[in-house]
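**Q** Let me give you the structure first, and then I'll get to my questions.
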Amino acid sequence: MQLVRYTAGGAPEWGAHRDGEIVPLSGLREDVTVQNLNSPGFLTVVEDAADAAEDQSVPVEDVKLLAPVPRPGKIVCVGLNYHDHAEEQDEEVPERPLLFGKAGTSVTNPGDPIVHPAAIDEVDYEVELGVVIGQTAKNVDAEDAFDYVAGYTAINDVSGRDAQFDDGQFFRGKSYDTFAPMGPTFVPEADLDPHNLDVACRVNGETKQESNTSEFIFGVDEVVEYISNITTLRPGDVISTGTPGGVGIFRDPPELLAPGDSVDVEIEGIGTLTNPVVAERDE
108 MQLVRYTAGG
118 APEWGAHRDG
128 EIVPLSGLRE
138 DVTVQNLNSP
148 GFLTVVEDAA
158 DAAEDQSVPV
168 EDVKLLAPVP
178 RPGKIVCVGL
188 NYHDHAEEQD
198 EEVPERPLLF
208 GKAGTSVTNP
218 GDPIVHPAAI
228 DEVDYEVELG
238 VVIGQTAKNV
248 DAEDAFDYVA
258 GYTAINDVSG
268 RDAQFDDGQF
278 FRGKSYDTFA
288 PMGPTFVPEA
298 DLDPHNLDVA
308 CRVNGETKQE
318 SNTSEFIFGV
328 DEVVEYISNI
338 TTLRPGDVIS
348 TGTPGGVGIF
358 RDPPELLAPG
368 DSVDVEIEGI
378 GTLTNPVVAE
388 RDE
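For the sequence shown, this note's numbering assigns the number 108 to the initial residue and increments by one for each residue that follows.
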């Protein structure tokens, strides 16, 4: 099952994405929240509601898709978490997850522009699987980790490389407004195997990254265990699980984003998240 947040000109609402159409879930008696989406019983109610409302479906082109988690409490990112990404940097495989933070205010919607800041030159793309936390998680064991995961979405972890390298840390380069496109769908945890998903990134239709989450160094369960033993994960927090090889900065010569580009990040079972790049002065 693929779920979406969207607007048809009014308030944001949730729907089920089926065969290129959106089935509204406005008839549910309970609000759709990540906590509810962590409940198998509630997901059954959602399926039934979508079946009942199928005759009210509208083409996806007739609505505006929104980020599934518009205001995450925190975005915890995992660096160097694909074997092929470590290889392209000639880096040793880390012994434990390498973590950094990305501001929640960097989230933007499918189709909305990635704004290329005037203050930096090296804006890069990164396709990543996003893990949405569904219930409070503290000191979770890996074997229980998926009980705390509501589901998955796609994230483009846009990165200002010159800011990242000049600062010697990640936060500024990762946190400019619009630097976390998210979507286009949310898929409940039981409906995807996060450790065997094809992922890809294309710029102007040309494939730049292509891999599979089987290349993860640390699986979702290990990452949830590690993070929850450091800081409490709360419903609506998002973990961005790292990117495969092929990022622009490590190409020879580097191939970075410029205004006028269009970026697609695609994850099997979730769909394709597309965003144009615009100059800050043109916003």
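We put the beta carbon where it would ideally sit given N, CA and C, even for glycine. Predicted model, so just to flag it, every value in this text is computed and none were measured.
1. Please tell me whether PRO217 and GLY127 are closer than 9 Å, where the distance is taken between their beta carbons.
2. Which residue's Cα is closest to the Cα of ARG309: ALA257, ASN263, GLY186?
3. Does the stretch 327 to 346 come close enough to the stretch 173 to 189 to have 3 or more Cβ pairs within less than 8 Å?
4. Can you give the Cα-Cα distance for ILE337 and PRO204, rounded to whole angstroms?
5. Would you list the residues sitting across from ASN319 in a DSSP beta bridge?
6. Please name the residue or residues paired with PRO131 in a DSSP beta bridge.
7. When the Cα of LEU236 is compared with those of LEU132, LYS245, PHE323, ALA118, which residue comes out closest?
8. Counting C-beta neighbours from all protein chains within 10 Å, is the total for GLY378 16 or more, i.e. buried, or is it exposed?
9. How close, in whole Å, do the beta carbons of ALA115 and VAL165 come, if the pair is a contact with beta carbons under 8 Å?
10. So, is GLU199 buried or exposed, given that buried needs 16 or more other C-beta atoms within 10 angstroms?
11. Let me make sure I understand the geometry here. Which of GLU195, PHE149, ALA307 has the alpha-carbon closest to that of GLU317?
12. Would you call the stretch 278 to 288 and the stretch 206 to 222 in contact, with 3 or more CB pairs under 8 Å?
13. Between which two residues does the beta strand (DSSP E) carrying ASN382 extend?
14. Verify whether the separation of the beta carbon atoms of GLU229 and VAL265 is less than 9 Å.
15. Given that a residue counts as buried once 16 or more other Cβ atoms are within 10 Å of its Cβ, and exposed if not, what is PRO360?
16. Rounded to whole angstroms, what is the Cα-Cα separation between GLU390 and PRO224?
17. Give the DSSP-derived three-state secondary structure of ARG112 in the structure shown.
18. Report whether the distance from the Cβ of VAL214 to the nearest heavy atom of the ligand HEM is below 8 Å.
19. Please list the segments of the beta strand (DSSP E) lying wholly inside the stretch 231 to 268, counting only runs of 3 or more residues, in order along the chain.
20. Quick one, which of VAL384, GLU250, GLY349, ASP305 has its alpha-carbon nearest GLY208's?
21. Suppose the cutoff is 6 Å on Cβ atoms and the five residues either side in sequence are ignored; what does the same chain contact list for ILE356 look like?
22. Assign GLU390 to one of three DSSP states: helix, strand, or coil.
23. With C-beta atoms as the reference, is VAL239 less than 9 Å away from LEU380?
24. Please report the residue range of the beta strand (DSSP E) in which ASP147 lies.
25. Tell me, please, which residues DSSP counts as bridged to ILE394.
26. Does the Cβ-Cβ distance between VAL331 and VAL247 come in under 9 Å?
27. Does ASN188 pass the burial test, meaning 16 or more other C-beta atoms within 10 Å, or should it be called exposed?
28. Indicate whether LEU150 and PRO295 have their beta-carbon atoms separated by less than 9 Å.
**A** According to the structure shown:
1. Contact flag unset, no.
2. The closest CA to that of ARG309, considering only ALA257, ASN263, GLY186, is found on ASN263.
3. Contact holds: three or more Cβ-Cβ distances are below 8 Å.
4. Distance between the alpha carbons of ILE337 and PRO204: 12 Å.
5. The bridge partners DSSP lists for ASN319 are ASP305.
6. PRO131 is bridged to GLY122.
7. The shortest CA-to-CA distance from LEU236 to any of LEU132, LYS245, PHE323, ALA118 is the one to PHE323.
8. The Cβ neighbour count for GLY378, taken over all protein chains shown within 10 Å, is at least 16; the residue is labelled buried.
9. Going by Cβ atoms, the distance from ALA115 to VAL165 rounds to 7 Å, so yes, they are a contact pair.
10. Answer is exposed; the Cβ neighbour count stays below 16.
11. Of GLU195, PHE149, ALA307, the residue nearest in Cα terms is ALA307.
12. Segments in contact, yes.
13. Run containing ASN382: 378 to 386, per the beta strand (DSSP E) assignment.
14. The answer is no: Cβ separation not under 9 Å.
15. Exposed, by the Cβ-count rule.
16. With a pLDDT of only 40 at GLU390, under the threshold of 50, the placement of this residue in the model should not be trusted; the figure read from the coordinates follows. So the alpha carbons of these two residues sit roughly 10 Å apart.
17. Three-state result, ARG112: strand.
18. This structure simply doesn't include the ligand HEM, nor any ligand for that matter.
19. Taking only runs of at least 3 residues, the beta strand (DSSP E) segments lying wholly in the stretch 231 to 268 are 234 to 240, 256 to 263.
20. GLY349 is the residue among VAL384, GLU250, GLY349, ASP305 whose C-alpha sits nearest the C-alpha of GLY208.
21. Result list for ILE356: ASP231, ARG268, in chain order.
22. Low confidence applies here, because GLU390 scores a pLDDT of 40, under 50, leaving its location unreliable; read the following figure in that light. GLU390: coil per DSSP, three-state reduction.
23. In this structure, VAL239 keeps its C-beta atom at 9 Å or more from the C-beta atom of LEU380.
24. Position check: residue 147 holds Pro in this sequence, whereas Asp was assumed. Note, PRO147: premise wrong, no beta strand (DSSP E); alpha helix (DSSP H) at 147 to 159.
25. Not covered by the structure: residue 394. The range shown for the chain is 108 to 390.
26. Contact: yes.
27. Buried is the call here.
28. Closer than 9 Å, so yes.
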